[in-house]
Amino acid sequence: MDLWQAIILGIVQGITEFLPISSSAHLILMPALTGWSDQGVGFDLSVHVGTLLAVVLYFRKDVATLLVDGLRSIPARRNLGQSHLGWMVVMATIPACVAGVFLLDYIDSVLRAVGVIITTTVVFAVLLAAADRWGRGQRQLTDIGWLDAIIVGLAQALALIPGTSRSGATITAGLFMGLDRETASKFSFYMAIPITIAAASIKLLTIWSESIAVDWTGFLIGGIASFITAITAIHLFLKWLNAFGMWPYVIYRLLLAGVLYWMFV
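All you need for this note's numbering is the position in the sequence shown, starting with 1, plus 117.
Below you can see the structure in the form of structure tokens.
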């Protein structure tokens with residue numbers, strides 16, 4: 118992997134990981150546009166680490182509070198501070214972990230097809246638009262309950278299907294549950310932390326168990342590129358959220374699906 122390939126792929130992953138525009142759709146488009154071969158599991162691990170560090174750093178105060186209050190609530194056997202929200206994040210992570218264990222091989226072997234990705238890109242664009250138009254309410258982070266966590270968690274599990282977009286599915290579900298835009302988005306970002314840790318751990322285990330050689334230069338460059346672009350994407354997304362809503366991402370998803378259809382179908 119050369120320098121520019123690592124930089125460009127890191128940038129693409131960093132941007133698409135947290136915006137509701139589907140990273141998997143972009144990752145099938147990039148090789149077609151550039152002629153590059155698959156970047157390998159080592160590079161996948163690097164960009165996961167980069168995006169994980171970005172979201173943890175950006176929400177460092179929130180993450181520290183959720184973690185500390187959650188741990189304090191265990192011996193106290195009652196909610197303390199922000200512990201309830203922390204446990205909602207944990208609850209929302211479980212469906213995707215379970216689905217990943219039992220269905221990921223099937224998804225990778227059967228559903229990672231261009232037709233599936235085009236379909237999910239369009240369908241979830243329409244759902245995101247509907248949620249932003251009719252589902253959005255005034256509920257905030259303190260209002261999130263078990264039902265919200267389960268529904269949004271199931272949406273995150275559904276996002277294992279390529280083209281869906283993890284952030285897109287979880288934000289859509291949150292809006293349909295009556296959360297306001299900022300709350301739905303922040304809860305989605307909080308959920309990204311444990312699920313990204315799980316994904317990175319699986320890739321690390323694969324590298325170790327199969328003795329896969331890692332291009333450490335590409336690893337470092339890709340990780341840095343994904344970190345910088347991911348933290349920028351999070352900041353701009355939240356800054357522009359109330360001004361533009363979800364419609365720019367809806368329109369982009371529809372255009373992306375059109376490009377994929379034109380190129381591959």
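Don't be surprised by glycine CBs; every beta carbon is placed ideally from N, CA and C.
Beta-carbon separation (whole angstroms), I261 vs L202, contact threshold 8 Å:
In the sequence shown, residue 261 corresponds to position 144, counting from 1. In the sequence shown, residue 202 corresponds to position 85, counting from 1. The Cβ separation is near 6 Å, so the contact holds.
Contacts around I132, its chain only, beta-carbon distance under 6 Å, and the 5 residues preceding and following it disregarded:
Along the sequence shown, read from residue 1 onward, the residue named residue 132 stands at position 15. If we look at I132 and ignore the five residues flanking it on each side, its Cβ neighbours are T346 and A350.
Taking DSSP as the reference, what is the three-state secondary structure of R194?
What you label residue 194 is simply residue 77 of the sequence shown in a count that begins at 1. R194 carries a coil assignment under DSSP once its states are collapsed to helix, strand and coil.
Is R253 helix, strand or coil by DSSP?
The count along the sequence shown starts at 1 and reaches residue 253 at position 136. Coil.
Within the chosen definition, does the segment 321-341 reach the segment 118-129 through at least 3 CB pairs nearer than 8 Å?
Put simply, the segment 321-341 touches the segment 118-129. At least three CB pairs are less than 8 Å apart.
By a C-beta neighbour count over all protein chains shown, 10 Å radius and 16 as the cutoff for buried, is I385 buried or exposed?
Outside the shown range of the chain (118 to 382) lies residue 385, about which nothing can therefore be said.
Candidates I224, L275, V173 and M308: closest to F344 by CA position:
Translated into positions along the sequence shown, residue 344 becomes position 227. Among I224, L275, V173 and M308, the Cα nearest to that of F344 belongs to V173.
Report the option in F135, L144 and R250 whose CA atom is closest to the CA atom of L377.
Working through the sequence shown from its first residue, we reach residue 377 at position 260. For L377, the nearest C-alpha among the options comes from L144.
Among all the DSSP beta bridges, which residues are the ones paired with L296?
Your numbering for residue 296 matches position 179 in the sequence shown. According to DSSP, L296 bridges with R256.
Hey, could you find the ends of the alpha helix (DSSP H) W153 is sitting in?
To locate residue 153, count along the sequence shown from 1; it is residue 36. W153 -> no alpha helix (DSSP H), and no H or E assigned at all.
With 16 as the cutoff for other CB atoms within 10 Å, does H352 come out buried or exposed?
Here residue 352 refers to the residue found at position 235 when the sequence shown is read from its first residue. It is exposed - the Cβ of H352 has fewer than 16 other Cβ atoms within 10 Å.
Complete beta strand (DSSP E) runs within the segment 165-234 (minimum length 3 residues, chain order)
Within the segment 165-234, no complete beta strand (DSSP E) run reaches 3 residues.
May I have the straight-line CA-CA distance separating R177 from A247, to the nearest angstrom?
Your numbering for residue 177 matches position 60 in the sequence shown. Your numbering for residue 247 matches position 130 in the sequence shown. Whole-angstrom Cα-Cα distance: 32 Å.
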